[in-house]
Structure formats: C-alpha cells, structure tokens
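The sequence shown begins at 1 in full-length UniProt numbering and counts up by one.
The structure appears right after this line, and notes come after that.
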Amino acid sequence: MSELKMKTNEELILLRQTFRDSAQAIGTLANLAKGQGLVEDLYIERIQQRELEYPTGLEMPVPLAIPHIADGCNQPFVSIATLEKPVAFKSMDRSGDDVMVKIIFLFGILDPKSQLAVLRRFAAAFADKEAVERLLAAERPADLLRELNQILEGLLSIG
C-alpha cells in the first residue's frame with residue numbers, strides 16, 4: 001500500500017471556506033499545492049480544464065468533489081477544503097446536474113494505475129455519512145487530518 005501514500009499537511013487543509021464557484025475552490029487548493037512544490041503551473045491549468053470535461057461532483061451521503069489529474073504533478077498529494085456554504089460542482093455521472101458539495105478533495109496522482117485505487121478508497125470511506133460529518137466538524141486542520149487518516153486506514157503521509 002505504500003505506493004498509494006498521499007502527501008498532505010495542515011497547510012493543505014482549509015476549514016469552513018466560502019468560494020463563489022468550483023473554479024475558485026479548485027484554483028485555491030491547487031495554489032496551496034503549488035506553494036509546496038507539489039505541482040507545476042501545468043497542473044493548475046489542466047485541473048480546471050479537466051473539471052469542465054470530466055466533472056467530479058459526487059452525490060454521496062455528504063456531497064463531495066474529487067478533482068484529480070496527473071499532469072504537472074510532482075508528488076502524490078491531497079488538499080482538502082470543508083465549506084461554510086455548499087458550492088456547485090457538475091455531477092460525475094455526466095447528467096449535467098449540479099451537486100452542492102460540502103467538502104472538496106483535490107488530488108495529484110503520479111501513477112494513473114494507482115489513481116483508481118485511491119479514488120475507490122476515498123469513495124468507499126465517504127459512503128459513511130458520520131465519517132464525513134466528523135471531518136466537517138473539525139475545529140483545526142490537525143483534527144481533520146487525524147480523523148481522515150483513521151478513516152482511510154493510513155493512506156496519508158502527513159507532514
């Protein structure tokens with residue numbers, strides 16, 4: 001499982017954020033990753049384009065979005081924002097419907113083969129409404145990271 005470790009840290013976590021739209025949310029999270037050298041400018045450009053072509057809103061017990069791409073990524077990571085007010089993301093099911101998401105997980109993945117395994121782990125974990133509500137209730141980034149790593153059974157590399 002070590003090849004699936006996703007880097008994250010408190011600086012990649014935003015709590016109770018307000019964004020005007022999905023593009024602003026994705027851009028903000030991507031720039032946090034860029035600030036840590038996890039991605040290049042190419043990632044920031046392509047993640048926005050990919051979201052338009054392949055939307056990532058998921059209608060789960062707690063609606064969420066999982067924007068992800070390998071282009072311009074230097075290291076596997078996840079950056080997270082919990083939202084004060086839900087933001088519309090287009091549904092991953094390609095229906096064109098909006099999903100009013102409450103939490104965003106922005107991924108950078110180097111190995112496209114591991115991408116599916118990572119996304120499946122997240123999707124399975126977040127079918128549990130109570131688990132996601134614990135993330136939304138986190139008072140500090142450290143609390144969210146601790147809870148998330150427990151939910152994901154050690155998938156994260158925190159630091």
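Virtual Cβ for every residue (Gly too), placed ideally from N, Cα, C.
Identity of the residues DSSP links to residue i by a beta bridge
i	result
residue 118	Residue 118 pairs with nothing; no bridge assigned.
residue 6	156
residue 79	106
residue 65	57 and 104
residue 88	100
Start-to-end residues for the alpha helix (DSSP H) that takes in residue i
i	result
residue 151	141 to 151
residue 44	41 to 53
residue 132	129 to 136
residue 31	22 to 35
Whole-angstrom distance between residue j and residue i, CA atom to CA atom
i	j	result
residue 70	residue 109	5 Å
residue 87	residue 135	17 Å
residue 60	residue 132	10 Å
residue 90	residue 67	11 Å
residue 158	residue 150	12 Å
residue 38	residue 14	17 Å
residue 52	residue 72	18 Å
residue 2	residue 122	Note that residue 2 scores 41 on pLDDT, short of 50, meaning its location in the model is unreliable; the coordinates nonetheless yield the value given after this. So the two alpha carbons sit approximately 16 Å from each other.
residue 47	residue 26	8 Å
residue 100	residue 83	10 Å
residue 106	residue 40	15 Å
residue 56	residue 36	24 Å
residue 17	residue 113	32 Å
Chain-order list of residues whose beta-carbon lies under 7 Å from that of residue i (same chain, five-residue window excluded)
i	result
residue 9	158 and 159
residue 142	10
Same chain, Cβ closer than 6 Å to residue i, five either side skipped, listed in chain order
i	result
residue 50	69
residue 138	144
residue 58	64 and 92
residue 115	109
Opening and closing residue of the beta strand (DSSP E) in which residue i lies
i	result
residue 95	Note, residue 95: premise wrong, no beta strand (DSSP E); not H, not E.
residue 16	13 to 17
Contacts around residue i, its chain only, beta-carbon distance under 8 Å, and the 5 residues preceding and following it disregarded
i	result
residue 21	87 and 88
residue 94	55
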